[in-house]
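Step one of this worksheet: look at the structure below.
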Amino acid sequence: MKLRPLTGTITALVTPFRDGQISYTDLKNLVAYQIKGGIDGLVPVGTTGESPTLGYEEHMDVIKFVIAEARGRVPVIAGTGSNSTHEAIELTKLSHDAGADAMLVVAPYYNKPSQEGLFRHFSAIADATDKPIILYSIPGRCGIEISVDVIVRLRAKYKHVAWIKEAGGSVDRVDQIKQALGKDIAVLSGDDSLTLPFISVGAEGVISVASNLFAREIGQMVRLALDNDFARAAKIHRRLYPAFKTLFIEPNPVPIKAALVRAGVITTGDVRSPLCEMAPASAKALEKVLAALD
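Its first residue numbered 22, the sequence shown is counted upward by one per residue in our numbering.
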C-alpha cells in the first residue's frame, strides 16, 4: 500500500468521559473542532487518550468512531501500543481491519525489556500490518528509550516503520536519529514546547497535546517552521509557550481536558482513576495562562 506522509500537526486526542463512560457526543465535537482547525491527522487512544484505563472493546470503539467521524479527510493513527506484545498485535490487527491509516505504538511500559526485546516487540507488531507504524519513544513514562540502533534495524527491515514520535526531551537525540537515517525516517515531536527546536534539526512535525485546543495556531506554527520561516513561527511559539508548559502542570491529560471544557469544546473534564481533577492551585495557574491568551 502507498504510505501517507503523516507529517505536520497531528493531535493526540483526549478521550472525553461522562459518569465513567465515554462521551461520544463530546468526542464528535472534538473531532469536528480539529478538522475545522485544519489539523493534519488524529490519534485516538494514544496515551493522551488514557489508553491504559480503557477496556479492550472501548479502545476499539473509540478508534472506529474517530475513523467514521474523520471520513477520510485526515489520516487516523490508531494508538495500539501496550506493554504486552500480544495485546499490541491484536489491537494493531483490529485497527488495520477497521480502516485506520496508521498505528502509533508506544514502547512497552513497566516491563523495561532489553533493546533486543524492544526490537522483537516492534518487529512482531510490524509483521501484523503493512500500514505505517509510528514508533513512540517516551522514556520518562516508559522507563526505557528506543535506541537509535533499534530504530535503524527496524527501518532496514520494514519499509512501513518510517516514523518516530520522539518525546525524550532532547534536541541532540533528534539529531542522532537524523544523522543515522536522514530522510529515511520522519521524526515527530512528542513535546509541544520542543516542536520548534526539533524542526530546526530536521523533525517533520508534532504529535501534539496542546493542539486539542490550539489546532489552528500550532498548525500554522509548524507549517511556517517547515517552510523555514522560523522568525514567524517563533512568534507563535513564544505566545503559546506558557500554555505548552502549564498544560503539563499536572499529569496529562488532566489540564488539557480542563482547558477544553473552558473553551466549550467538550462539556466535561472527567478523567479515569488513578488520575483525578487538578488541585485548586494548578487550576488557578492554568486559568491565568489561558485568560492571558484570550
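Beta carbons: idealized from backbone N, C-alpha and C, even for Gly.
Keep in mind that this is a model prediction, so the values were computed, not measured.
Quiz prompt | Sequence-distant residues of its chain with Cβ nearer than 8 Å to Ile-185 (five each side left out) | solution = Ile-155, Leu-156, Tyr-157, Ser-158, Ile-167, Ile-172, Ile-198, Ile-206, Ala-207, Val-208 and Leu-209
Quiz prompt | Selected residue, minimal CA-CA separation from Gly-203, among Asp-212, Leu-27 and Val-169 | solution = It is Val-169.
Quiz item: Quick one: Cα of Thr-113 to Cα of Ala-145, how far?
Solution: 11 Å
Quiz item: What did DSSP end up calling Ile-228 once you bin it into helix, strand or coil?
Solution: strand
Self-check item: Span of the beta strand (DSSP E) around Glu-187
Solution: 184-187
Self-check item: Where Lys-23 sits in the DSSP three-state scheme
Solution: Because the pLDDT at Lys-23 is just 49, under 50, the model does not fix this residue reliably, and the value given afterwards should be weighed accordingly. If DSSP states are grouped into helix, strand and coil, Lys-23 belongs with coil.
Quiz prompt | Selection from Val-292, Ile-287, His-80 and Leu-307 that minimises the alpha carbon distance to Leu-51 | solution = Ile-287
Quiz item: Would you say the stretch 261-276 touches the stretch 293-310, given that touching needs at least three Cβ pairs under 8 Å?
Solution: yes
Quiz item: Can you tell which of Ile-220, Tyr-131, Ala-99 and Gln-200 has its C-alpha closest to the C-alpha of His-117?
Solution: In this structure, Ala-99 is the residue among Ile-220, Tyr-131, Ala-99 and Gln-200 with its C-alpha nearest to the C-alpha of His-117.
Quiz item: Considering Val-126, what are the terminal residues of the beta strand (DSSP E) in which it resides?
Solution: 123-127
Quiz item: Should Glu-238 go down as buried or exposed, given a rule of 16 or more other Cβ atoms within 10 Å for buried?
Solution: buried
Quiz prompt | C-alpha distance - Asp-40 paired with Val-127, whole-angstrom precision | solution = Their backbone Cα atoms lie some 28 Å apart in a straight line.
Quiz item: According to the neighbour-count rule (16 or more other Cβ atoms, all chains shown, within 10 Å of its Cβ), is Gly-164 buried or exposed?
Solution: When all chains shown are included, Gly-164 counts as exposed.
Self-check item: Backbone CA spacing between Asp-315 and Phe-140 [nearest angstrom]
Solution: 46 Å
Self-check item: Proximity below 9 Å, CB of Thr-36 to CB of Leu-63
Solution: no
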